[in-house]
Amino acid sequence: MTIQAATSVCIIGSGPAGLLMSQLLANAGIENIVIDRKGRAYIEARVRAGILEQGTVSAMREAGVADRLDVEGIPHHGLDLAFEGASHHIDIVGLTGKTVVAYGQTEVTKDLFVKRTQQGGRFYFDVENVVLSGLKSDRPAVNFRHAGQDVEISCDYIAGCDGFHGVSRNAIPANVLKTYDRVYPFGWLGILTERPPVSMECVYTNHPRGFSLCSMRSATRSRYYIQCDSNDDVANWSDDRFWDEFAARISPDLAAKLQTGPSFEKSIAPLRSFVAEPMRYGNLFLAGDAAHIVPPTGAKGLNLAVADIRILVRGLVERYARGNTHHIDTYSQKVLARVWKVERFSWQLSNLMHQFPDHSPFEKKMQRAEFDYLMQSEAASRTIAENYVGLPLD
Ligand code: FAS
Ligand code: PHB
Numbered sequence: 219m220t221i222q223a224a225t226s227v228c229i230i231g232s233g234p235a236g237l238l239m240s241q242l243l244a245n246a247g248i249e250n251i252v253i254d255r256k257g258r259a260y261i262e263a264r265v266r267a268g269i270l271e272q273g274t275v276s277a278m279r280e281a282g283v284a285d286r287l288d289v290e291g292i293p294h295h296g297l298d299l300a301f302e303g304a305s306h307h308i309d310i311v312g313l314t315g316k317t318v319v320a321y322g323q324t325e326v327t328k329d330l331f332v333k334r335t336q337q338g339g340r341f342y343f344d345v346e347n348v349v350l351s352g353l354k355s356d357r358p359a360v361n362f363r364h365a366g367q368d369v370e371i372s373c374d375y376i377a378g379c380d381g382f383h384g385v386s387r388n389a390i391p392a393n394v395l396k397t398y399d400r401v402y403p404f405g406w407l408g409i410l411t412e413r414p415p416v417s418m419e420c421v422y423t424n425h426p427r428g429f430s431l432c433s434m435r436s437a438t439r440s441r442y443y444i445q446c447d448s449n450d451d452v453a454n455w456s457d458d459r460f461w462d463e464f465a466a467r468i469s470p471d472l473a474a475k476l477q478t479g480p481s482f483e484k485s486i487a488p489l490r491s492f493v494a495e496p497m498r499y500g501n502l503f504l505a506g507d508a509a510h511i512v513p514p515t516g517a518k519g520l521n522l523a524v525a526d527i528r529i530l531v532r533g534l535v536e537r538y539a540r541g542n543t544h545h546i547d548t549y550s551q552k553v554l555a556r557v558w559k560v561e562r563f564s565w566q567l568s569n570l571m572h573q574f575p576d577h578s579p580f581e582k583k584m585q586r587a588e589f590d591y592l593m594q595s596e597a598a599s600r601t602i603a604e605n606y607v608g609l610p611l612d
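Just so you know, the sequence shown maps onto residues 219 to 612 in this note's numbering.
Shown next as structure tokens:
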């Protein structure tokens with residue numbers, strides 16, 4: 219016997235994209251159900267992004283979940299890029315009038331879960347065998363197993379917010395779906411430690427030993443990364459080995475004040491640029507990592523997911539409130555135009571700030587020349603700044 223459920227929008231995935239979508243739709247009176255193959259505790263424990271654009275902060279405020287963010291978030295007025303001993307500060311406030319805010323994705327998901335639960339949000343966690351059907355019909359469906367029973371959710375629309383390894387993207391027929399992929403020859407080894415950060419703003423360094431990033435989660439909690447081989451194993455990295463390598467890849471003045479300590483999270487993330495087109499098929503919409511991946515160099519992954527959701531929810535509200543389907547009919551084209559620009563920025567900054575094992579001497583010279591140009595050109599710094607704070611939605 220299959221349990222039947224019905225809603226307006228079935229959201230697959232309760233990461234930041236799915237959760238934010240659920241809350242924004244609920245605020246607009248649009249019924250939705252969220253399903254996830256994991257449980258809430260697992261999702262909340264995932265350590266990922268750390269920098270929020272102002273558009274993301276605005277979306278959190280619009281969703282009514284920004285109280286803690288507004289108190290605990292750390293505004294950043296700039297960032298530093300360092301290259302072979304030289305350092306360049308990019309004054310994002312001076313160049314754009316905007317800041318970004320350091321606030322972990324973990325906290326974003328916790329805040330959204332609290333609100334959805336308070337408001338009686340409908341969730342199915344730990345689901346299995348998720349299958350989408352009827353995408354071209356007026357009443358698509360999502361079937362899955364949950365707690366040993368078959369469940370079918372019929373809906374008007376399905377939102378595929380199930381990340382890079384989800385099932386939604388591949389529900390689009392292979393002769394329709396186009397994908398674009400660039401896998402980088404390295405990954406990022408990241409740690410969290412309960413120690414004051416060496417800098418209260420981000421410091422990105424392209425060091426001859428490899429890339430490093432100084433970031434934070436609070437005034438007492440540091441988030442640090444180093445470039446590592448893409449097939450490296452976190453088991454190869456004791457805390458001591460990490461600290462030695464990290465200290466060797468940051469400037470001497472930062473290394474002198476580095477406070478090392480035990481890591482309580484340590485993981486390796488592969489780096490890739492990926493885009494799937496289209497981001498709509500029938501009554502299935504893709505959003506977030508289900509449709510695109512960026513290398514974390516530009517701090518864009520989470521923010522890009524949020525931008526997709528803001529555009530998609532605006533379209534769904536138009537459809538339900540005024541019967542106007544223009545914004546959902548143009549969703550894929552509109553959102554992809556922005557996705558590609560953000561992919562470009564993340565790709566460009568990754569190319570500038572990493573050591574590529576297969577770079578020729580000429581390509582190494584190109585990296586240096588680009589950094590020297592950035593150092594002397596306000597226009598070049600403004601380009602970095604306006605992308606870093608976030609491109610406009612429209
Ligand atoms: P998510 O992947 O966050 O969420 C997808 C959800 O769908 C998950 O909860 C998953 O359990 C669920 N799901 C998957 N398959 C399913 C199925 N078949 N059925 C039901 N549910 C299913 N971005 C940054 O800006 N900075 C960073 O430093 C950074 N570091 C990262 C490190 C790692 C290891 C990874 C993987 C990503 C990182 N990102 C970073 C990017 C990350 O923040 C994503 O952009 C962000 O999580 C995107 O959110 P969602 O689109 O909601 O996808
Ligand atoms: C982080 O704090 O996790 C972070 C900051 C900046 C990035 C990527 C990750 O570009």
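In this text, a Cβ means the ideal position worked out from N, Cα and C, and glycines have one as well.
query, result
"In terms of residues, what are the limits of the alpha helix (DSSP H) holding Gly405?", "That residue, Gly405, is in no alpha helix (DSSP H); its beta strand (DSSP E) goes Lys396 to Thr411."
"My assumption, with CB atoms under 8 Å, is that Pro415 sits in contact with Ser448. Please give the rounded CB distance.", "Actually they do not touch by this definition, with Cβ atoms about 26 Å apart."
"Looking only at DSSP bridge pairs, what is Ser351 linked to?", "Ala359"
"Quick one: any contact between the stretch 362 to 374 and the stretch 223 to 232, if contact means 3 or more CB pairs under 8 Å?", "yes"
"When the Cα of Phe331 is compared with those of Gly233, Val265 and His577, which residue comes out closest?", "Gly233"
"Closest by CA to Tyr260, which one among Phe343, Gly291 and Leu287?", "Phe343"
"Less than 8 Å between the C-beta atoms of Ala597 and Ala505, yes or no?", "no"
"Report all residues from its chain with a CB closer than 7 Å to the CB of Gly479; omit the five preceding and five following residues, and keep chain order.", "Thr411, Glu412 and Arg413"
"Starting from Asn424, follow its DSSP beta bridges and name the residues at the other end.", "Phe301 and Phe429"
"Could you tell me if the beta carbon of Gly516 falls within a distance shorter than 7 Å of some heavy atom in the ligand PHB?", "yes"
"Where does Pro496 sit, in a helix, a strand or coil, going by DSSP?", "coil"
"Is Cys420 near the ligand FAS, with its Cβ less than 7 Å from a heavy atom?", "no"
"Give the range of the alpha helix (DSSP H) segment to which His544 is assigned.", "His544 to Asp547"
"Hey, Asp507 and Phe382 are a contact pair by Cβ (cut 8 Å); roughly how many whole angstroms apart?", "5 Å"
"Are the Cβ atoms of Met571 and Asn454 separated by less than 8 Å?", "no"
"The ligand PHB heavy atoms versus the CB of Ile269: any closer than 7 Å?", "yes"
"Since Glu290 is in the alpha helix (DSSP H), which residue starts that stretch and which ends it?", "Asp285 to Glu290"
"Do the stretch 526 to 536 and the stretch 242 to 252 make contact, defined as three or more Cβ pairs closer than 8 Å?", "yes"
"Which first and last residues belong to the beta strand (DSSP E) in which Glu419 is found?", "Unbroken run through Glu419: none, as it is neither H nor E."
"Can you tell me which of Gly408, Gly428 and Pro403 puts its alpha carbon nearest to the alpha carbon of Gly268?", "Gly408"
"Quick one: what's Asn250 bridged to in DSSP?", "Val227"
"Use the C-beta contact count for Tyr398: other C-beta atoms within 10 angstroms, 16 or more gives buried, fewer gives exposed.", "exposed"
"Runs of 4 residues minimum, wholly inside the stretch 305 to 355: which ones carry the alpha helix (DSSP H) assignment?", "310 to 314 and 323 to 336"
"For Arg441, which of helix, strand or coil comes out of DSSP?", "strand"
"Using DSSP bridges, identify the partner residues of His294.", "Val318"
"Just reading off the alpha helix (DSSP H) that Gly273 is part of, what are its end residues?", "Gln272 to Glu280"
"Roughly how many whole angstroms lie between the Cα atoms of Asp590 and Gly516?", "19 Å"
"Restricting to Cα atoms, I'd like to know which of Gly405, Thr543 and Glu561 is closest to Ile486.", "Gly405"
"Tyr645 and Leu297: beta carbons closer than 8 Å?", "The structure shown does not extend to residue 645, since the chain is modelled only from 219 to 612, so the question has no answer here."
"With a threshold of 8 Å, are at least 3 pairs of Cβ atoms found where one atom belongs to the stretch 306 to 326 and the other to the stretch 334 to 349?", "no"
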